[in-house]
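First the structure, in the form of structure tokens, and then the observations on it.
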């Protein structure tokens, strides 16, 4: 997903376009990693004096609900990244810096064999560790 796609989702769902919302989406588009609300706040403070955590969290949760952002939990804290809109894949996530790497193998083929009598409607597979820069 890119900034324009995300803004189109917002508009299509009846939400207002604001400079803050555009900035948030552009911030995530510029990253190849999961980021915290605190990192986003620090990035926005110079452009939006007095911006609050409440504003940040409200927009992060809205974007997550609209599937503009993906979320994961690292070290007990929620992290966000722009949703991938490519083919089906999973992620390796660095526990230190949040950088992600796509994993193209999906373990669901094997798991489906073990759960033949169950109906699976979604799944998420993440691997955690340390990227080469953080090792």
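In the working numbering, the protein residues as written are 368 to 502. By construction, the Cβ of each residue, glycine as well, lies at the ideal position given by its N, Cα and C atoms. Please read these numbers as outputs of a predicted model, since none were measured by experiment.
When the options are compared against residue i, the one with the closest alpha-carbon
i: residue 441; options: 495, 370 and 368; result: 495
i: residue 444; options: 377, 465 and 470; result: 465
i: residue 423; options: 479, 438 and 405; result: 405
i: residue 475; options: 463, 469, 489 and 462; result: 489
i: residue 429; options: 392, 469 and 369; result: 392
i: residue 414; options: 436, 394, 502 and 384; result: 394
i: residue 500; options: 411, 470 and 462; result: 462
Where residue i falls, given that 16 or more other Cβ within 10 Å makes a residue buried
i: residue 426; result: buried
i: residue 407; result: buried
i: residue 478; result: exposed
i: residue 378; result: exposed
i: residue 434; result: exposed
i: residue 482; result: exposed
i: residue 420; result: exposed
i: residue 487; result: exposed
Inter-residue spacing [alpha-carbon to alpha-carbon] between residue i and residue j
i: residue 455; j: residue 472; result: 9 Å
i: residue 402; j: residue 448; result: 6 Å
i: residue 485; j: residue 491; result: 17 Å
i: residue 382; j: residue 467; result: 29 Å
i: residue 400; j: residue 417; result: 26 Å
i: residue 380; j: residue 450; result: 17 Å
Supposed close pair residue i, residue j - CB separation, criterion 8 Å
i: residue 438; j: residue 460; result: Incorrect: roughly 11 Å between the Cβ atoms, too far for contact.
i: residue 374; j: residue 389; result: 7 Å
i: residue 493; j: residue 457; result: 7 Å
i: residue 370; j: residue 396; result: 5 Å
As an exercise, report each continuous beta strand (DSSP E) stretch of at least 3 residues that is fully enclosed by the region 437–487, in chain order.
444–449, 457–461 and 467–470
Quick check for students: name the residue ranges of the alpha helix (DSSP H) that lie wholly in the region 398–435, counting only runs of 4 or more.
404–411 and 420–432
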